[in-house]
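Chemist: The structure under discussion is supplied below as structure tokens; questions concerning it will follow.
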Amino acid sequence: MRGMVLAAGRGTRLRPLTETVPKALVEVEGRPLLGILLEKLRAHGATGVVVNAHHFADRIEHFIDKISDPPGWVRISREEALLGTGGGVRNAAPLLGGDEPVLVHNVDVLCNLPFRALAARQEEAGSSVTLAVGGRPSTRSLAADEEDLLCGRWGEAPVRAPSGSLRRVAFSGIQILAPGVVSRLPGEGAFSLIDAYLALASAGEPVRVFPIDDWYWAEVGTPERLDRLKADLALRAIPIESLAR
């Protein structure tokens, strides 16, 4: 398994912190978000990791140069212009290769989900893509059927015929793609991963969801959410070590 961390965004919702530091290097208990994710990817056997970068790309590259062991285990994919989540992954295809599954993770998400559990579900079901999802409220909810197949956006016409009833799920910023899928993501230039996954589902490919409500999950894309995570850590509701293992 290879890993990719999406870290190119400007982090506008996290201002004023991101006016002087890239979102990837915002710290939680003295540890940069990117560092926590790289430690977790290493613990779960990732053979290599790609990090995309745009905002403060030099700072991210300097951090990677300091911690990449062995040299080249982490590689950077620079974006001269922001390519969105889908365009960013597609742009990194030459660095990711096509012979292994690729776990893609938002840099502002921390979760104690074992990556091996997601990878095992992916392999067992033979899915093209498996998305980690939760039952929390979201304005961008997706619809999944009784076989965990992605069928569309909630409240819109399904892109594929559902098996049984539909349920509402929220994407959690963690996913795994089967070997070869990265290079054939449908889309050009800047585009969204979710749009690409819906296009794959519409074409009949098995894009599945994997519920993670049994695990701790935090998205820290705003100062308020970052403070909430810090409060959970301070109260020992979740030990930071579990987010890096």
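For the sequence shown, the residue numbers in the numbering used here are 8 to 252.
Each residue gets a CB set at the ideal place from its N, CA and C atoms; glycine is no exception.
Which one or two residues does DSSP pair with S84 in a beta bridge?
Modeler: As a first step, residue 84 must be located in the sequence shown, where it is residue number 77. In DSSP, S84 forms a bridge with N59.
Chemist: Please go through the same chain and pick out, in chain order, the residues whose beta-carbon is closer than 7 Å to the beta-carbon of E154, but skip the five residues on each side of it.
Modeler: Residue mapping note: residue 154 aligns to position 147 of the sequence shown, counting from 1. If we look at E154 and ignore the five residues flanking it on each side, its Cβ neighbours are S170.
Chemist: I need the DSSP call for E163, collapsed to helix, strand or coil.
Modeler: Counting from one through the sequence shown, the residue named residue 163 turns up at place 156. Reduced to three states, the DSSP call for E163 is coil.
Chemist: Should L90 be labelled buried (16 or more other beta-carbon atoms within 10 Å of its own) or exposed?
Modeler: The count along the sequence shown starts at 1 and reaches residue 90 at position 83. It is buried - the Cβ of L90 has at least 16 other Cβ atoms within 10 Å.
Chemist: Could you name the residues of the same chain whose beta carbon sits closer than 6 Å to that of L184, not counting the 5 residues immediately before and after it, in chain order?
Modeler: Here residue 184 corresponds to residue number 177 of the sequence shown, with the count starting at 1. Here the set comprises V109 and V136.
Chemist: Roughly how many angstroms lie between the CA atoms of I201 and R147, to the nearest whole one?
Modeler: Position 194 of the sequence shown, counting from 1, holds the residue named residue 201. Position 140 of the sequence shown, counting from 1, holds the residue named residue 147. Approximately 10 Å, taken between the alpha carbons.
Chemist: Identify which residue in L103, E86 and P121 has its Cα closest to the Cα of V56.
Modeler: Position 49 of the sequence shown holds residue 56. Ranking L103, E86 and P121 by Cα distance to V56 puts L103 first.
Chemist: Do P213 and S134 have their C-beta atoms within less than 9 Å of each other?
Modeler: Stepping through the sequence shown from its first residue, residue 213 is reached at position 206. Stepping through the sequence shown from its first residue, residue 134 is reached at position 127. Cβ atoms of P213 and S134: closer than 9 Å.
Chemist: Helix, strand or coil: which one does DSSP assign to N113?
Modeler: Here the question's residue 113 lines up with position 106 in the sequence shown. Three-state DSSP puts N113 in a strand.
Chemist: From F122 to P23, what does the alpha carbon distance come to, in whole angstroms?
Modeler: Here residue 122 refers to the residue found at position 115 when the sequence shown is read from its first residue. Here residue 23 refers to the residue found at position 16 when the sequence shown is read from its first residue. Their Cα atoms are separated by approximately 32 Å.
Chemist: Provide the residue span of the beta strand (DSSP E) that contains R22, from first to last.
Modeler: Taking the sequence shown and counting its residues from 1, the one referred to as residue 22 is at position 15. Neither: R22 is in no beta strand (DSSP E) and is coded neither H nor E.
Chemist: If you draw a straight line from the alpha carbon of P78 to that of D72, how long is it in whole angstroms?
Modeler: Counted from its first residue, the sequence shown places residue 78 at position 71. Counted from its first residue, the sequence shown places residue 72 at position 65. Those two C-alpha atoms are separated by around 8 Å.
Chemist: Kindly give me the distance between the Cβ atoms of E87 and A60, rounded to whole angstroms, as I take these residues to be in contact under 8 Å.
Modeler: Locating residue 87 in the sequence shown gives position 80, counting from the first residue. Locating residue 60 in the sequence shown gives position 53, counting from the first residue. The Cβ separation is near 11 Å, so there is no contact.
Chemist: Check the DSSP bridge columns for W224 and list the partner residues they point to.
Modeler: The residue you call residue 224 lines up with position 217 of the sequence shown. The partner list for W224 (beta bridge, DSSP) reads C118.
Chemist: Could you give the distance in angstroms between the alpha-carbon of D234 and the alpha-carbon of V96?
Modeler: Position 227 of the sequence shown, counting from 1, holds the residue named residue 234. Position 89 of the sequence shown, counting from 1, holds the residue named residue 96. Taking the straight line joining both Cα atoms gives about 29 Å.
Chemist: Assign S179 to one of three DSSP states: helix, strand, or coil.
Modeler: What you label residue 179 is simply residue 172 of the sequence shown in a count that begins at 1. Strand at S179.
Chemist: Counting pairs of Cβ atoms below 8 Å between the segment 35 to 51 and the segment 9 to 17, do you hit three or more?
Modeler: Counting Cβ pairs under 8 Å, three or more are found: they touch.
Chemist: What did DSSP end up calling E68 once you bin it into helix, strand or coil?
Modeler: Residue numbering aside, residue 68 sits at position 61 when the sequence shown is read from its first letter. Helix, per DSSP.
Chemist: So G52 is in the beta strand (DSSP E); what residue range does that whole segment cover?
Modeler: One-based indexing of the sequence shown puts residue 52 at position 45. Run containing G52: none; DSSP gives neither H nor E here.
Chemist: Between which two residues does the alpha helix (DSSP H) carrying V96 extend?
Modeler: Your numbering for residue 96 matches position 89 in the sequence shown. Counting along the chain, the alpha helix (DSSP H) containing V96 begins and ends at G91 to N98.
Chemist: So for V189, helix, strand or coil by DSSP?
Modeler: For this step, residue 189 is matched to residue 182 along the sequence shown. In this structure, V189 counts as helix in the three-state DSSP scheme.
Chemist: Compute the Euclidean distance between the alpha carbons of H167 and E107, then round it to the nearest angstrom.
Modeler: The residue you call residue 167 lines up with position 160 of the sequence shown. The residue you call residue 107 lines up with position 100 of the sequence shown. Checking the displayed sequence, the identity of residue 167 turns out to be Arg instead of His. Each residue's Cα considered, the two are about 27 Å apart.
Chemist: Tell me whether G10 sits in a helix, a strand or coil according to DSSP, three-state version.
Modeler: Along the sequence shown, read from residue 1 onward, the residue named residue 10 stands at position 3. Three-state DSSP puts G10 in a strand.
Chemist: Quick check: R215 and A164, are their CB atoms within less than 9 Å of each other?
Modeler: As a working note, residue 215 is residue 208 in the sequence shown. As a working note, residue 164 is residue 157 in the sequence shown. No.
Chemist: Please list the terminal residues of the continuous alpha helix (DSSP H) segment that includes R252.
Modeler: Locating residue 252 in the sequence shown gives position 245, where the first residue counts as 1. That residue, R252, is in no alpha helix (DSSP H); it is neither H nor E in DSSP.
Chemist: Please name the residue or residues paired with D139 in a DSSP beta bridge.
Modeler: Translated into the one-based positions of the sequence shown, residue 139 becomes position 132. Looking at the sequence itself, residue 139 is Ala, so the reference to Asp does not match. The partner list for A139 (beta bridge, DSSP) reads F217.
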